[in-house]
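So the protein sequences, as listed, match chains A and B. Residue numbering for the first sequence is 178 to 404, as defined by this note's numbering. Residue numbering for the second sequence is 19 to 667, as defined by this note's numbering. Just so it is clear, CB atoms sit at the ideal spot from N, CA and C, and this is done for glycine as well. Single-structure report; data block below.
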Amino acid sequence: MQSARRRFICQTNCEFCLRILGGRQIGSDHAEHVCGATLDDLASGDGLLTEGDPPRNDPALFVRLMVRHQNDLLRYVLPLVACLDDAQDVVQESATALWKKFDEYNPDQPFLPWAKRFARYEVLMHHRRRRRYSFLTEELIETLAEPDRSHEEDAERRQRVLAGCLEKLPAADRTLLDRRYSDPDATVGQLADEVGRPANVLYKALGRIRRQLLECMTRALAAPEAG
Amino acid sequence: METREMDASLRQELTGLLSALVDDCLDAAGEERLGSLLAANAEARELYRDYLTMHADLALRDRAVELPAAALPASPVLASPVRNQSRLARWAVFAVLLLAASGILGWWLGSAQTDLRPVAQVASVVDAQWTADSAPIAEGAWLTPGVLDLQAGQARLVMNCGAELRLMGPVRLELLDSKAVRLQAGQLAVLAPDSAVGFRVLTPTADVVDLGTEFGMSVEADGSTEVHVLQGVVVARPTSSDGVIPILAREAGRFDAMTGGLVAIAWDATPFLSAALATPVPEAVEEPTIPRIADGARIIFLGDRTTDHETHLLMINQALSDLPAEIAPKLWNAGIALPLYFEEDDFERYVLRFRPTHAVLEFGSDISLSRTPRTQKQFESGVTRLVDRLQAENIEPILQTAFPVEHAKPEAQELLDGYNRFLRSLAAERNLRLAEVDKHFRKAPGGPERLVSPNGYGPTFAGHREMADVLLDTLGFTDRQADPSLQLSLLPGVITQWHVRTVPEDQSEPGDITNFDPQDGWKPLAIPQPEAFSERLPDPSHSVSWRDRTRGFATHLPYKKGQRYEAVTHITSDERKTVTINVGAAVQGVWLNGKKIHEGKPWHGWHAGRDRFEATLEAGENTLVIASGNSFFVSITDTLDWALPRPGE
């Protein structure tokens, strides 16, 4: 029967999942942490393990977890390789490794820290294959790879703060930044051609805009969140 | 020494270095300075991490990869905006491929579950006749999973995920869930918007997953399946295999029921376009109408190595092969032979003697990649002079932007961007046709990385197709597209029987050679040379050496440093007559009956018929001798006025 088949089994049997099944609201962070599903997933009956599904080697679960966390992994990897292209490659390589070892994943535990361990290893392998930047020594990478709670827990807040700070930029600066990032692979030289301004002027302008953005974000993140 | 604090000036210096880093312009000194700051200062490392995370956040804005709200457990997909072909967006596509390659696609197979909720709605029907077990189905009806059997007429369904299906009777289709169908027989066109990424069509022989696209599929009685992609990308997997293959726009594949394999076939979207029904025409692209070039135009191509190798010219010819001879344009090649900074003699020899009505200028990429590239000013003056010279002869210049090379040499791209900008402004100023190769390469699936070789020296086969398509549009043949495979044959008049030998490079010139004693090193050589390895490829016409050899070039003759080739052939003529001898590749000199009749210039091109000159054959047997490098092309024609033949000519 449909309702029986869709009866949720949360590995921790947590009271929050039981509450949502009873129609009560809970915070999405906790639901995700405990059950590997967002509030929307819970509400739609999607994304949770159902009775009869094997908890491990479930491609649906893996795909969902990867989709949900691939951008977090990218944010984690980027400072360790300093280049978006390389970071994307490393996340892809990590995804392959994660899938191969997915039967060792304990769904009781949050996915992201587990995935970061693989990504960290893939970063080191990546640098051994191709060292693009000499300043990224193994020692520095080890230091940078240490968990940083401020970055881990605040991804959503950072996005909101970034959106707020972008709003505060003058329209022309925002437009330039939008164009720079509309295709992150495009070079500043190409952008200069498109907007008809010298490349060195754009380099300086982008540097200034990012500095202002960073200052704005630092200030906003240091302040307690409203609401 | 490790420090904690950073003062304002150090902070400013660090953000400057980080800006240069993310914009890819950090020099070695900057990198060294950045390393020392990060090694010594914890706050610097924190700032570094903040800055790079912000960089990632900026790049990821509006590109969130999300699960579709209505995803069912049976159809997990990665919904990503794949039409945005930035590397970041493509990444999501590759992630799908990766997951598929990891075996997850296999899990999809057969995982669709029976569900009685509606999964699609009938948007429109035209003269539809349904069989008893699925009839009658009217417009607006909601459909639950099950089999639809449309015997005749047409129907348009919209799946709950947003994918639009156009059925052309007779067709038998099973709705599995809101994101998956099984085509049992007949044909179907799918228009899947981004919201429907991951929509899947199963057939007895194929499993096709859409990645944001428009495609047509047909299933034959034995289960063999064809898929023709109109836009975007699909991932295809023969049901008998674990391997997944992306099929891109304007490509087609056939899943053969007998062999179980997937092979590339000629793309033909016509049957699927006919299923437009009463639906709105999909986004009409507002592009200015380009008038078709005059009937029987004589077009000469001027340019660099890419022009010289003429793959895209062959594709244009093939795309127009069904046009009557008096309508189809005739193509000549003067790639490399006529340099951008030409002498008047060259202009007369390589351009005027063919009496062209149009000239396509394909210069740029090679010049920018040269060790001593031309400055913007030099390029502008070279192109302007050539355009002036052509217009003075009433030859219409057609400009072409250069294909991108930034993945191979970013500094060359900066130059090319300037060249291209100039070409655009010149085209606008003089009202010239402009083939926008640069823009199309950037917009095409896979982008320049797929369409241009890793070293930037030339387009890949797919790149040549893109280039041919752009040129066909520019010439006004907007309804024509290049085929995915080339049909080639021996060029007219190719001399097929030779004796060849190597000699020291500095050996005196050959005279009238009559004796081919193997002890003197002579070996027979028959044209066309076989190309066994290329013939094992799924499509040998994608191989450069196969193309050259099939058309009559001798290539890759065994060769040692300090050697050159002599090649001899005998030509029998019924009468004394004047003919044209055409040479290409590395021919250095030609002797007829002991008399030197041609001396090649140092390297000035590869293409067949690059140099054409008259010669007189005596009645009876004539001896033709050439000196060349380890490749050559020689043919004899009645006239020098022969254009690149179209298939079948």
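- Contact between residue 453 of chain B and residue 333 of chain B does not hold, since their C-beta atoms are separated by about 14 Å, which reaches or exceeds 8 Å.
- In the assembly as shown, residue 276 of chain B is an exposed residue. Its beta-carbon has fewer than 16 other beta-carbons within 10 Å.
- Going by DSSP, residue 588 of chain B is part of no alpha helix (DSSP H) but of the beta strand (DSSP E) stretching over 581-591.
- For the options A/285, A/390, A/303, the alpha carbon positioned closest to that of residue 255 of chain A is the one of A/303.
- In the DSSP assignment, residue 377 of chain A falls outside any beta strand (DSSP E) and within the unbroken alpha helix (DSSP H) covering 376-399.
- Counting along the chain, the unbroken alpha helix (DSSP H) around residue 438 of chain B starts and ends at 428-448.
- The shortest C-alpha to C-alpha distance from residue 537 of chain B to any of B/520, B/552, B/274, B/526 is the one to B/520.
- According to DSSP, residue pairing for residue 340 of chain A in a beta bridge does not occur.
- The count of Cβ pairs closer than 8 Å, one atom from the stretch 322-338 of chain B and one from the stretch 646-659 of chain B, stays below three, leaving the stretches out of contact.
- Contact annotation: in the stretch 367-380 of chain A, residues whose CB is within less than 7 Å of a CB in chain B are 367, 370, 380.
- Secondary structure of residue 543 of chain B (DSSP, three-state): strand.
- Within the stretch 332-350 of chain A, the residues whose Cβ lies closer than 7 Å to some Cβ of chain B are 335, 336, 339, listed in chain order.
- The closest CA to that of residue 542 of chain B, considering only B/587, B/607, B/40, is found on B/587.
- In the DSSP assignment, residue 302 of chain A falls outside any beta strand (DSSP E) and lies within the alpha helix (DSSP H) extending over 288-306.
- Within chain B, the residues whose beta carbon sits less than 8 Å from that of residue 365 of chain A are 41, 42, 43, listed in sequence order.
- Nearest C-alpha to residue 400 of chain B among B/168, B/171, B/368, B/441: B/441.
- Taking a contact as a CB-CB distance under 8 Å, the pair residue 458 of chain B and residue 413 of chain B does not count as one, their CB atoms being some 25 Å apart.
- Look at the stretch 307-325 of chain A: the residues with a C-beta under 9 Å from a C-beta of chain B are 310, 311, 312, 313, 314, 316, 317, 320, 321, 325.
- A buried status is given to residue 418 of chain B, since no fewer than 16 other beta-carbon atoms sit within 10 Å of its beta-carbon.
- Residue 574 of chain B counts as exposed, since fewer than 16 other beta carbons sit within 10 angstroms of its beta carbon.
- Considering only B/141, B/139, B/268, the residue with the shortest C-alpha distance to residue 500 of chain B is B/268.
- In this structure, residue 255 of chain B lies away from residue 495 of chain B, with their beta-carbon atoms at least 9 Å apart.
- For the stretch 365-408 of chain B, the full-length beta strand (DSSP E) segments reaching 3 residues or more read 376-380 along the chain.
- Here residue 553 of chain B carries a helix assignment [DSSP, helix/strand/coil].
- Shown here, residue 621 of chain B sits in coil according to DSSP, grouped into three states, outside any helix or strand.
- Against chain A, the CB of residue 435 of chain B has a partner CB under 9 Å away; the residue lies at that interface.
- Counting only the Cα atoms, residue 253 of chain A lies some 16 Å from residue 334 of chain A.
- Residue 248 of chain A sits in a helix when the DSSP states are folded into three classes.
- Residue burial annotation: residue 612 of chain B is exposed, with fewer than 16 other C-beta atoms found within 10 angstroms of its C-beta.
- Not a single C-beta of chain B is nearer than 9 Å to the C-beta of residue 284 of chain A.
- By the criterion of a C-beta distance shorter than 7 Å, residue 546 of chain B is surrounded in its chain by 508, 567, 568, 570, once the five residues flanking it on both sides are discounted.
- When only Cα atoms are considered, residue 66 of chain B and residue 291 of chain A end up about 24 Å apart.
- In the structure shown, the three-state DSSP call for residue 473 of chain B is coil.
- Here residue 646 of chain B carries a strand assignment [DSSP, helix/strand/coil].
- Closer than 9 Å to the CB of residue 394 of chain A there is at least one CB belonging to chain B.
- When only Cα atoms are considered, residue 249 of chain B and residue 400 of chain A end up about 48 Å apart.
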